[in-house]
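Q:
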Amino acid sequence: QKINEEKGYLSRVPTFAVVALYLDNERWSGVPFIIKAGKGLEQRSSIIRLQYKKAPPQSLFGEQPQNELVIRIQPKESIYYKILAKMPGLQQKARDVQQTVLDLDLKKRLDIQRLPEAYEKLIHDVLNGESHNFVRADELEQAWRIFDPLLKRLEVEEKRVPYRYAFGSRGPKEADDFINRLGFR
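According to UniProt numbering, the sequence shown is numbered sequentially starting from 1.
#1: Answer yes if the region 93-111 comes into contact with the region 148-164, meaning at least three C-beta pairs across the two stretches below 8 Å, and no otherwise.
#2: My understanding is that residue 222 touches V97, with C-beta atoms under 8 Å, so please give their C-beta distance in whole angstroms.
#3: Using the beta-carbon count (16 or more within 10 Å), is Q99 buried or exposed?
#4: Cβ of A20 less than 9 Å from any chain D Cβ?
#5: Pick helix, strand or coil for E139, following the three-state DSSP scheme.
#6: Are the CB atoms of E77 and L50 within a distance shorter than 9 Å?
#7: According to the neighbour-count rule (16 or more other Cβ atoms, all chains shown, within 10 Å of its Cβ), is residue 191 buried or exposed?
#8: Are the region 11-25 and the region 163-182 touching by the rule of at least three beta carbon pairs closer than 8 Å?
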């Protein structure tokens, strides 16, 4: 939205995307893999979130937030698990269950003074001939196989205008609505 405020500049270039991909196999049937990325967001981070199914609202403790495993790749590498825990005591009421966090902050846990920055690791890998942190040609082709037709349809056939969002925000409200409709947050 910030760029479009410039007089005479009307960009339709998408700077944000959220997609739900599904794998066509029995094990992952019906499980959405949600990928969300954008420019100018409130925080610059790479995070993998595994959100587990919600317990049914008629369960012993009523409706509660779902458990979640979070792997923070950058910044501040860490792994943490948000789980529902029953508070000590004899009570069996919903208020006695709270979401708590079990975390592994690699820098603190391993007493590391300095972790290498992302690009340091990549440059190191290039100099040593390591390619495992880089996209292979076949992976890139698959990404384009998925996104090229979609972008063409949106831009050329449907002439869609991207949803606008404020610089420094979480992204467009419609993205959160989409994720919520899938049962996630």
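Note that the Cβ used here is the ideal one computed from N, Cα and C, for glycine as well.
Treat the numbers as computed from the prediction; the structure is a model and nothing was measured.
A: On the basis of the data shown:
#1: Proximity of the region 148-164 to the region 93-111 falls short of the contact definition, fewer than three beta-carbon pairs being nearer than 8 Å.
#2: Because the chain here runs from 1 to 185, residue 222 falls outside it and cannot be looked at.
#3: Here residue 99 refers to the residue found at position 99 when the sequence shown is read from its first residue. Exposed, by the Cβ-count rule.
#4: In summary, chain D is missing from the structure at hand, where a single protein chain is found.
#5: Counting from one through the sequence shown, the residue named residue 139 turns up at place 139. E139: helix per DSSP, three-state reduction.
#6: Taking the sequence shown and counting its residues from 1, one reaches residue 50 at position 50. Taking the sequence shown and counting its residues from 1, one reaches residue 77 at position 77. No, the Cβ-Cβ distance between L50 and E77 is not below 9 Å.
#7: Past the boundaries of the shown model lies residue 191; the chain is included only from 1 to 185, so the question cannot be answered.
#8: Contact holds between the region 11-25 and the region 163-182, because three or more Cβ pairs, one in each stretch, are under 8 Å apart.
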